[in-house]
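**Q**
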Amino acid sequence: MMEMFDSEYDGKADGDHFDSLKAELSQQAQLNRSEFEGLDEEIRVQYEGFRAGMYVRLEFTKFPCEFITNFDSSYPVIVGGLLDNESNMGFVRVRIKVHRWYPRILKNKDPLILSLGWRRFQSLMYYAKREDNFVMRSLKYARKYLHVEAMFWGPVTTIGTGFVALQNITERVSEFRIAANGVVLETDQSCKIVKKLRLLGTPEKIVQKTAFVKDMFHTETEIAKFVGAKVQTQSGIRGILKKAHGRKGLFRATFEDIIKMSDVIVLKTWVPLLLTQYCSTMRTLLLSPKEKAEWQGMRTVAQIKKAKGIKNEVNPDHLYTPITQRREYVPLPLKVPKALQKDLPYNMKPKVTPKLKKVERVVVVKDPHEMEMDDFMKRLKVMMEDKIQKERKEMLVRKEKFIKENAEKELRRKMRESRKKKAACRILGKTAGKKSIV
Numbered sequence: 003m004m005e006m007f008d009s010e011y012d013g014k015a016d017g018d019h020f021d022s023l024k025a026e027l028s029q030q031a032q033l034n035r036s037e038f039e040g041l042d043e044e045i046r047v048q049y050e051g052f053r054a055g056m057y058v059r060l061e062f063t064k065f066p067c068e069f070i071t072n073f074d075s076s077y078p079v080i081v082g083g084l085l086d087n088e089s090n091m092g093f094v095r096v097r098i099k100v101h102r103w104y105p106r107i108l109k110n111k112d113p114l115i116l117s118l119g120w121r122r123f124q125s126l127m128y129y130a131k132r133e134d135n136f137v138m139r140s141l142k143y144a145r146k147y148l149h150v151e152a153m154f155w156g157p158v159t160t161i162g163t164g165f166v167a168l169q170n171i172t173e174r175v176s177e178f179r180i181a182a183n184g185v186v187l188e189t190d191q192s193c194k195i196v197k198k199l200r201l202l203g204t205p206e207k208i209v210q211k212t213a214f215v216k217d218m219f220h221t222e223t224e225i226a227k228f229v230g231a232k233v234q235t236q237s238g239i240r241g242i243l244k245k246a247h248g249r250k251g252l253f254r255a256t257f258e259d260i261i262k263m264s265d266v267i268v269l270k271t272w273v274p275l276l277l278t279q280y281c282s283t284m285r286t287l288l289l290s291p292k293e294k295a296e297w298q299g300m301r302t303v304a305q306i307k308k309a310k311g312i313k314n315e316v317n318p319d320h321l322y323t324p325i326t327q328r329r330e331y332v333p334l335p336l337k338v339p340k341a342l343q344k345d346l347p348y349n350m351k352p353k354v355t356p357k358l359k360k361v362e363r364v365v366v367v368k369d370p371h372e373m374e375m376d377d378f379m380k381r382l383k384v385m386m387e388d389k390i391q392k393e394r395k396e397m398l399v400r401k402e403k404f405i406k407e408n409a410e411k412e413l414r415r416k417m418r419e420s421r422k423k424k425a426a427c428r429i430l431g432k433t434a435g436k437k438s439i440v
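To convert, take the position in the sequence shown, counting from 1, and add 2; that gives the numbering used here.
1. Can we say the segment 67-81 touches the segment 278-289, given the rule of at least three CB pairs closer than 8 Å?
2. CA-CA distance, aspartate 86 and tryptophan 120?
3. Excluding the 5 residues flanking leucine 276 on each side, which residues of the same chain have their C-beta closer than 8 Å to its C-beta?
4. According to DSSP, simplified to helix, strand and coil, what is tyrosine 129?
5. Between glutamine 279 and tyrosine 129, what straight-line distance do the alpha-carbon atoms span, to the nearest angstrom?
6. Count the other C-beta atoms from every protein chain shown that fall within 10 angstroms of the C-beta of phenylalanine 257, then say buried if there are 16 or more, exposed otherwise.
7. With a Cβ-Cβ cutoff of 8 Å, do glycine 164 and isoleucine 98 count as a contact?
8. Taking asparagine 170 as the reference, which of Phe228, Asn72 and Gly299 has the closest Cα?
9. Which residues in the same chain have their Cβ closer than 6 Å to the Cβ of proline 335, if we skip the five residues on either side of it in sequence?
10. Express the C-alpha separation of valine 79 and alanine 181 in angstroms, rounding to a whole number.
11. Does the segment 293-313 touch the segment 109-117, meaning 3 or more C-beta pairs lie closer than 8 Å?
12. Sorted by chain position, which residues of the same chain lie with C-beta nearer than 7 Å to arginine 132's C-beta, five sequence neighbours on each side aside?
13. Is it true that the segment 307-321 meets the segment 145-160, where meeting means three or more beta-carbon pairs spaced less than 8 Å apart?
14. Go through its chain and collect everything with a Cβ distance to methionine 218's Cβ below 6 Å, but skip five positions before and after it.
15. Between lysine 368 and the rest of its own chain, which residues show a CB-CB distance below 8 Å, the 5 nearest in sequence each way excluded?
16. Bridge partners for serine 140 per DSSP, in chain order?
17. Are the segment 250-269 and the segment 34-54 touching, with three or more C-beta to C-beta distances below 8 Å?
18. If we ignore side chains and look at the alpha-carbon of each, how far apart do threonine 313 and glutamine 210 end up?
19. Determine the direct distance from the alpha carbon of valine 338 to that of methionine 373, and round the result to whole angstroms.
20. Would a C-beta distance cut-off of 8 Å place isoleucine 239 and lysine 232 closer than the cut-off?
21. Quick check on the DSSP output: what are the complete alpha helix (DSSP H) runs of length 4 or more inside the segment 318-373, in order along the chain?
22. Any idea if isoleucine 225 is buried or exposed, counting beta-carbon neighbours within 10 angstroms, 16 or more meaning buried?
23. Locate the alpha helix (DSSP H) running through proline 78, then write down its first and last residues.
24. Rounded to the nearest angstrom, what separates lysine 294 and phenylalanine 178 at their Cα positions?
25. Please go through the same chain and pick out, in chain order, the residues whose beta-carbon is closer than 8 Å to the beta-carbon of histidine 101, but skip the five residues on each side of it.
26. Helix, strand or coil for isoleucine 208? Go by DSSP, reduced to three states.
27. With distances taken Cα to Cα, identify the nearest neighbour of lysine 216 among Ile195, Ala255, Asp190 and Leu187.
28. With DSSP as the reference, please indicate the residues paired to isoleucine 183 in a beta bridge.
29. Thinking C-beta only, is leucine 252 closer than 8 Å to phenylalanine 214?
30. Given a cut-off of 8 Å on the beta-carbon distance, is the pair leucine 108 and tyrosine 143 in contact?
31. Give the straight-line distance between the Cα atoms of serine 282 and tyrosine 104, rounded to the nearest whole angstrom.
32. Quick one: Cα of asparagine 34 to Cα of tryptophan 297, how far?
33. Quick check on serine 117: does DSSP put it in helix, strand or coil?
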């Protein structure tokens with residue numbers, strides 16, 4: 003069965019270009035092996051070069067003597083070659099993923115040691131996320147368990163080349179060493195990472211749907227860069243920035259509706275991120291074994307702060323502003339058009355009435371006789387209130403006594419009525435018995 007399948011599919015077509023090239027190379031290799039098999043090794047090398055698996059001796063010029071002095075035979079050294087275009091420097095865009103066993107968080111602009119192609123170097127990594135509009139938005143940290151894009155300054159490398167990133171290459175570490183891995187996507191001489199910028203302003207003057215905005219820019223040159231940009235109030239009213247007006251930092255903007263003086267105007271834009279062009283080649287092979295084990299490149303900001311005992315200072319701009327600093331809201335009077343006032347019911351029509359002045363009372367100055375009369379009336383009033391209070395207490399006592407007596411009378415009446423009912427029922431029972439006998 004298998005022979006029939008092979009004869010039907012394998013030997014039927016001539017194959018594609020790769021298969022034909024592979025077959026041609028294998029035939030050439032077999033021909034070379036048969037032709038040079040009986041020759042001496044020195045003569046054979048002159049014809050076909052060094053074959054895979056041969057031991058060779060390399061000779062270098064302008065080589066540092068520290069490499070030979072500190073050479074460690076137990077530490078393998080891989081020799082590779084670089085093309086002319088791989089010696090250039092530029093911004094390299096990569097797709098990177100934090101290793102799931104790495105316990106720490108990779109922060110933006112933290113140095114990483116990269117093993118990329120034939121090179122080992124240290125560079126600053128800038129992380130970003132590709133938005134729906136193909137904008138690379140800057141990230142503060144590399145997201146865990148997700149692929150993110152990143153850029154760094156380093157040697158130009160072929161697209162598709164994989165790399166490994168580390169933060170520490172000392173011999174003994176307490177956690178997993180490999181921080182991240184990824185692949186090269188693009189090389190360029192410019193940076194494409196941007197970050198969000200929100201500029202806030204307040205209206206200084208409002209004329210219908212036009213407003214003059216302040217506190218957003220400082221110079222007319224800054225305003226000229228954003229002419230035609232979209233602005234928006236926090237309540238959602240959209241507008242367009244027109245042009246600078248008069249004083250420094252003041253500009254004119256039009257909106258789709260009338261805004262208020264209490265509105266805050268927001269301008270959302272993107273700002274390109276300036277990447278530091280830092281790339282340090284690893285020269286640990288030139289160090290002694292002891293220095294190589296203790297070597298540490300550029301430290302992260304967290305490591306520097308920990309070593310120097312520096313604590314993070316609170317940025318006042320990141321705190322909530324007290325409510326006392328808010329501008330006082332002054333409501334404007336409601337203006338109802340006269341045409342609308344005619345159609346309103348009477349209770350909803352604005353009533354314009356003049357304000358009445360308060361009546362000023364004349365100060366009364368009493369003579370001694372009137373003061374004595376007032377004092378006498380006050381004592382008389384106190385005596386009357388005391389008398390009324392005593393009479394009220396006596397009335398409550400009489401009321402309780404009356405209620406108690408009425409309760410006793412009601413009880414005696416109910417007992418008397420029950421005796422009468424029993425006697426009447428007894429007589430009726432006897433008379434009903436005599437009638438049944440007859």
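Beta carbons: idealized from backbone N, C-alpha and C, even for Gly.
**A** Taking the geometry as given:
1. yes
2. The residue labelled residue 86 in the question sits at position 84 within the sequence shown. The residue labelled residue 120 in the question sits at position 118 within the sequence shown. When the Cα atoms are used, aspartate 86 and tryptophan 120 turn out to be separated by approximately 14 Å.
3. Position 274 of the sequence shown holds residue 276. For leucine 276, same chain residues with a beta-carbon under 8 Å away, outside a window of 5 residues either side, are Cys193 in chain order.
4. Along the sequence shown, read from residue 1 onward, the residue named residue 129 stands at position 127. Strand, per DSSP.
5. As a working mapping, residue 279 is identified with position 277 in the sequence shown. As a working mapping, residue 129 is identified with position 127 in the sequence shown. Answer to the nearest angstrom: the Cα atoms are 15 Å apart.
6. If you number the sequence shown from 1, residue 257 lands on position 255. With 16 or more other Cβ atoms within 10 Å, it is buried.
7. For the purposes of this step, residue 164 is taken as the residue at position 162 of the sequence shown. For the purposes of this step, residue 98 is taken as the residue at position 96 of the sequence shown. Cβ distance not < 8 Å, so glycine 164 and isoleucine 98 don't count as in contact.
8. Translated into the one-based positions of the sequence shown, residue 170 becomes position 168. Comparing Cα-Cα distances from asparagine 170 to each of Phe228, Asn72 and Gly299, the minimum goes to Gly299.
9. For the purposes of this step, residue 335 is taken as the residue at position 333 of the sequence shown. Closer than 6 Å at Cβ, skipping near neighbours: no residue.
10. Your numbering for residue 181 matches position 179 in the sequence shown. Your numbering for residue 79 matches position 77 in the sequence shown. Their backbone Cα atoms lie some 23 Å apart in a straight line.
11. Yes: at least three Cβ pairs fall under 8 Å.
12. What you label residue 132 is simply residue 130 of the sequence shown in a count that begins at 1. These residues qualify, in order along the chain: Met138 and Glu151.
13. no
14. Numbered from 1 along the sequence shown, position 216 holds the residue referred to as residue 218. Closer than 6 Å at the Cβ level, and outside the excluded window around methionine 218, lie Leu201 and Gly203.
15. Locating residue 368 in the sequence shown gives position 366, where the first residue counts as 1. Hits under 8 Å: Asp376.
16. Here residue 140 refers to the residue found at position 138 when the sequence shown is read from its first residue. The partner list for serine 140 (beta bridge, DSSP) reads Ala130.
17. At 8 Å Cβ cutoff, the stretches do not touch.
18. Numbered from 1 along the sequence shown, position 311 holds the residue referred to as residue 313. Numbered from 1 along the sequence shown, position 208 holds the residue referred to as residue 210. Position check: residue 313 holds lysine in this sequence, whereas threonine was assumed. Computed Cα separation, rounded: 51 Å.
19. In the sequence shown, residue 373 corresponds to position 371, counting from 1. In the sequence shown, residue 338 corresponds to position 336, counting from 1. Between methionine 373 and valine 338, the C-alpha separation is close to 57 Å.
20. Counting from one through the sequence shown, the residue named residue 239 turns up at place 237. Counting from one through the sequence shown, the residue named residue 232 turns up at place 230. Result no, Cβ atoms of isoleucine 239 and lysine 232 do not sit closer than 8 Å.
21. 340-345
22. The count along the sequence shown starts at 1 and reaches residue 225 at position 223. That one is buried.
23. If you number the sequence shown from 1, residue 78 lands on position 76. Annotation for proline 78: no alpha helix (DSSP H) segment contains it, and DSSP assigns it neither H nor E.
24. Start at 1 with the first residue of the sequence shown, and residue 294 comes out as number 292. Start at 1 with the first residue of the sequence shown, and residue 178 comes out as number 176. Cα to Cα, lysine 294 sits roughly 19 Å from phenylalanine 178.
25. As a working note, residue 101 is residue 99 in the sequence shown. Here the set comprises Phe178, Ile180, Ala181, Ala182 and Asn183.
26. As a first step, residue 208 must be located in the sequence shown, where it is residue number 206. Strand.
27. Counting from one through the sequence shown, the residue named residue 216 turns up at place 214. For lysine 216, the nearest C-alpha among the options comes from Ala255.
28. Here residue 183 refers to the residue found at position 181 when the sequence shown is read from its first residue. Position check: residue 183 holds asparagine in this sequence, whereas isoleucine was assumed. The partner list for asparagine 183 (beta bridge, DSSP) reads Lys99 and Val166.
29. As a working note, residue 214 is residue 212 in the sequence shown. As a working note, residue 252 is residue 250 in the sequence shown. Contact: yes.
30. In the sequence shown, the residue the question calls residue 108 occupies position 106. In the sequence shown, the residue the question calls residue 143 occupies position 141. Yes, the pair counts as a contact, with Cβ atoms nearer than the cut-off.
31. The count along the sequence shown starts at 1 and reaches residue 282 at position 280. The count along the sequence shown starts at 1 and reaches residue 104 at position 102. Answer to the nearest angstrom: the Cα atoms are 24 Å apart.
32. To locate residue 34, count along the sequence shown from 1; it is residue 32. To locate residue 297, count along the sequence shown from 1; it is residue 295. Answer to the nearest angstrom: the Cα atoms are 49 Å apart.
33. Here the question's residue 117 lines up with position 115 in the sequence shown. Serine 117: strand per DSSP, three-state reduction.
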